[in-house]
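Going by this note's numbering, the sequence shown runs without a break in its numbering and finishes at 244.
For glycine and all other residues, C-beta sits at the position ideal for the given N, C-alpha and C.
Working notes for the structure below.
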Amino acid sequence: MTADLFADDPHAPKPLRLGEEAVLLRGFALGEADALLADIAAITSRAPFRHMITPGGKSMSVATSSCGDLGWVSDLHGYRYASADPLSGQPWPKIPKRWLDLAERAKQAAGFAASSAPDACLINRYAPGARLSLHQDRDERDFGVPIISVSLGLPAVFLWGGNRRADPYRTMALSHGDVLLWGGVDRLRFHGVRPVTQDALDRRMYRFNITMRKAA
Ligand code: SIN
Ligand code: FE2
C-alpha cells in the first residue's frame, strides 16, 4: 500500500486508513456522483429495489437490487449469490463500465495491488430509518479483491468493527461521494450502518450504497 494518494491534486482530502488494508477515500466519487445516481435509476428500472426477507423471516429495512454476473439475494433459505433476479428470472443488468473504472481507480488510489474486476454489485437504498446490522461480507468465493463501497445521497453513520462480532467498533460518517475499500487482512471486518436520518432541510430522500465485490 502506498501513501502517495491523489498525488496530482494538492487539495484532495487525505485518505483515512481504517486498517492495514482498509482505506476511506473521502469525496473520491463526487465528480461522477450524478452519473452514478442515473446509472442506479437505469439499473433499478429493470431490477427494481425490493425488501428481501432474511433467513429469520424478517423484511430488511434496506431495499436492495444488484447488477453484475451475480446478485446477492436473501430469503428464508439463506443468503447467496444468484445469476438471475428472482423477481424476473432474468439475468441482472450489467455493471456499468463507469463503475468498473471507478473501482479500478479507487483500488489504485488506495494502494491495493492489481486484482480482478468485480463481478457482483449490491445496490442498497436506505430511506430514513433504514439500517444494516453488523455483518461480514463472506458469501463471496474470492476474497482476493477488496470490497469497493460507494456512498451517495443522505449521509450515514457507518460502523467499523473487527473480525469478531463482539469486537469493539468505531463509527464514522459516510457522505455523498465517499469511497471505502476493505480487503486482505481487513476483508472480513464486521460492519454496518446506523438508522439513516434526514435533516429537516435536506431534500434528498435516500442514501444509496453501491458495493462491488468479486463473488465467483
Ligand atoms: C453493505 O455492507 O452491504 C453496505 C454498507 C453501506 O451501506 O455502507
Ligand atoms: Fe456488507
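Item to check | ARG241 classed as buried or exposed, judged by whether at least 16 other C-beta atoms fall within 10 angstroms | outcome: Mapped onto the sequence shown, residue 241 falls at position 213. Answer is buried; the Cβ neighbour count reaches 16.
Checklist entry - To the nearest angstrom, how far is it from the Cα of ALA228 to the Cα of ALA155? => result Start at 1 with the first residue of the sequence shown, and residue 228 comes out as number 200. Start at 1 with the first residue of the sequence shown, and residue 155 comes out as number 127. Those two C-alpha atoms are separated by around 14 Å.
Checklist entry - Between the segment 166-174 and the segment 198-206, are three or more C-beta pairs nearer than 8 Å? => result no
Checklist entry - Is ASP230 near the ligand SIN, with its Cβ less than 7 Å from a heavy atom? => result Walking along the sequence shown from the start, residue 230 turns up at place 202. No, the ligand SIN has no heavy atom inside 7 Å of this Cβ.
Next on the checklist: I'd like the span of the alpha helix (DSSP H) that includes ALA131, first residue to last.
Outcome noted: In the sequence shown, residue 131 corresponds to position 103, counting from 1. Its alpha helix (DSSP H) spans residues 125-137.
Checklist entry - Less than 7 Å between the CB of ASP170 and some heavy atom of the ligand FE2, yes or no? => result For the purposes of this step, residue 170 is identified with residue 142 of the sequence shown, where counting begins at 1. No, since every heavy atom of the ligand FE2 falls outside the 7 Å radius drawn around the Cβ of ASP170.
Item to check | DSSP three-state assignment for THR82, whether helix, strand or coil | outcome: Start at 1 with the first residue of the sequence shown, and residue 82 comes out as number 54. Correct three-state label for THR82: coil.
Checklist entry - Between which two residues does the beta strand (DSSP E) carrying ASP103 extend? => result Here residue 103 corresponds to residue number 75 of the sequence shown, with the count starting at 1. 99-103 is the extent of the beta strand (DSSP E) around ASP103.
Next on the checklist: Quick test of your reading: GLY47 and ASP195, contact by CB under 8 Å. State the CB separation rounded to the nearest angstrom.
Outcome noted: As a first step, residue 47 is located in the sequence shown; it is residue number 19 there, counting from the start. As a first step, residue 195 is located in the sequence shown; it is residue number 167 there, counting from the start. That pair is no contact at about 12 Å.
Checklist entry - Beta carbon of ARG222, beta carbon of ALA184: below 8 Å? => result Numbered from 1 along the sequence shown, position 194 holds the residue referred to as residue 222. Numbered from 1 along the sequence shown, position 156 holds the residue referred to as residue 184. It is a contact, given that the beta carbons lie within the stated cut-off.
Checklist entry - How many whole angstroms separate the CB atoms of GLN118 and ALA112, which I take to be in contact at a CB cut-off of 8 Å? => result One-based indexing of the sequence shown puts residue 118 at position 90. One-based indexing of the sequence shown puts residue 112 at position 84. Correct: roughly 6 Å between the Cβ atoms.
Next on the checklist: For a quick check, are the C-beta atoms of GLY211 and ILE175 less than 8 Å apart?
Outcome noted: By 1-based counting over the sequence shown, the position of residue 211 is 183. By 1-based counting over the sequence shown, the position of residue 175 is 147. Yes; because the gap between Cβ atoms is below 8 Å, this pair is in contact.
Checklist entry - Sorted by chain position, which residues of the same chain lie with C-beta nearer than 6 Å to PHE171's C-beta, five sequence neighbours on each side aside? => result Reading the sequence shown from its first residue, position 143 is the one you call residue 171. Taken in chain order, the residues that qualify are ARG215.
Next on the checklist: Since VAL101 and ASN152 should fall inside the 8 Å C-beta cutoff, what is the C-beta to C-beta distance between them, to a whole number of angstroms?
Outcome noted: Residue 101 sits at position 73 when you count from the first residue of the sequence shown. Residue 152 sits at position 124 when you count from the first residue of the sequence shown. Not a contact, Cβ separation roughly 13 Å.
Next on the checklist: Using only the alpha-carbon positions, how far apart do ALA40 and GLY85 sit?
Outcome noted: The residue you call residue 40 lines up with position 12 of the sequence shown. The residue you call residue 85 lines up with position 57 of the sequence shown. Taking the straight line from one Cα to the other gives about 44 Å.
Next on the checklist: So, for ALA103: in the same chain, excluding its five sequence neighbours on each side, which residues have a beta-carbon less than 6 Å away from its beta-carbon?
Outcome noted: Position 75 of the sequence shown, counted from the start, is the residue given in the question as residue 103. Strictly speaking, residue 103 in this sequence is Asp, with Ala absent from that position. Cβ neighbours of ASP103 beyond the five flanking positions: ILE81.
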